[in-house]
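K.L.:
Numbering (this note's numbering), first residue to last: 677 to 841.
(1) Going along the chain, which unbroken runs of the alpha helix (DSSP H) with 4 or more residues stay wholly within the segment 734 to 820?
(2) Nearest to residue 720 by alpha carbon, out of 745, 698, 750?
(3) Would you call residue 715 buried or exposed, if buried means 16 or more other Cβ atoms sit within 10 Å of its Cβ?
(4) Closest to residue 781 by CA distance: which of 794, 803, 767 is it?
(5) From residue 798 to residue 757, what does the alpha carbon distance come to, in whole angstroms?
(6) Counting pairs of Cβ atoms below 8 Å between the segment 758 to 773 and the segment 681 to 694, do you hit three or more?
(7) Residues in the same chain with beta-carbon distance under 7 Å from residue 789, minus the five sequence neighbours each way, listed in chain order, please.
(8) Short check: CB of residue 775 to CB of residue 722, under 8 Å?
(9) Residue 783: which of 731, 703, 743, 814 sits nearest, CA to CA?
(10) Given residue 821, which residues of its chain have a CB within under 6 Å of its CB, disregarding the five upstream and five downstream residues?
Here it is, written out as structure tokens:
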């Protein structure tokens with residue numbers, strides 16, 4: 677079953693949520709903005725923007741359906757990992773790399789004091805489906821269960837049958 681479905685790849689880009697240098701000219705204002713980022717609501721909100729149509733529609737071209745975008749906040753940081761899953765690794769990477777500029781625009785429009793900066797663009801892809809190791813393991817377990825069941829049934833049938841002369 678797994679071999680008949682098309683391959684799916686995952687690529688990731690990393691962006692940082694930072695105080696906007698243009699909006700906050702005073703060092704004390706920048707410090708307060710950094711402290712506000714520790715509350716995590718701004719970072720979580722920007723991560724939530726990643727899956728919204730205003731970002732997904734802007735990042736994907738009209739012919740790029742079948743790609744799933746997700747923003748994941750990295751623990752104890754102001755970093756956001758942008759994951760894109762899809763059937764073509766190169767297109768998924770291109771989509772992931774288009775997300776941070778869109779997030780930057782939307783974050784500036786909503787919060788005004790914060791910016792999104794690309795830290796690491798998406799480059800290499802990971803094959804997430806089919807995972808041959810899982811398929812082989814599932815086949816071995818299923819085969820073992822079927823073999824044990826057949827052996828048990830044959831043993832029960834032999835014990836219940838009358839002995840032949």
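Cβ atoms here follow ideal geometry from the backbone N, Cα and C, with glycine treated the same way.
The structure displayed is predicted, hence computed values, not measured ones.
P.N.:
By the coordinates alone:
(1) Correct list: 765 to 787.
(2) What you label residue 720 is simply residue 44 of the chain shown in a count that begins at 1. Residue 720 has its Cα closest to that of 750, out of 745, 698, 750.
(3) The count along the chain shown starts at 1 and reaches residue 715 at position 39. Exposed, by the Cβ-count rule.
(4) Counting from one through the chain shown, the residue named residue 781 turns up at place 105. Of 794, 803, 767, the smallest CA-CA separation from residue 781 is found for 794.
(5) Along the chain shown, one-based indexing puts residue 798 at 122. Along the chain shown, one-based indexing puts residue 757 at 81. Pairing residue 798 with residue 757, the inter-Cα distance amounts to about 10 Å.
(6) Pairwise C-beta distances place the segment 758 to 773 in contact with the segment 681 to 694, as three or more of them are shorter than 8 Å.
(7) Mapped onto the chain shown, residue 789 falls at position 113. Cβ within range, chain order: 695, 696, 699, 700, 709.
(8) Counting from one through the chain shown, the residue named residue 775 turns up at place 99. Counting from one through the chain shown, the residue named residue 722 turns up at place 46. Contact flag unset, no.
(9) Position 107 of the chain shown, counting from 1, holds the residue named residue 783. Ranking 731, 703, 743, 814 by Cα distance to residue 783 puts 731 first.
(10) As a first step, residue 821 is located in the chain shown; it is residue number 145 there, counting from the start. Contacts found: none.
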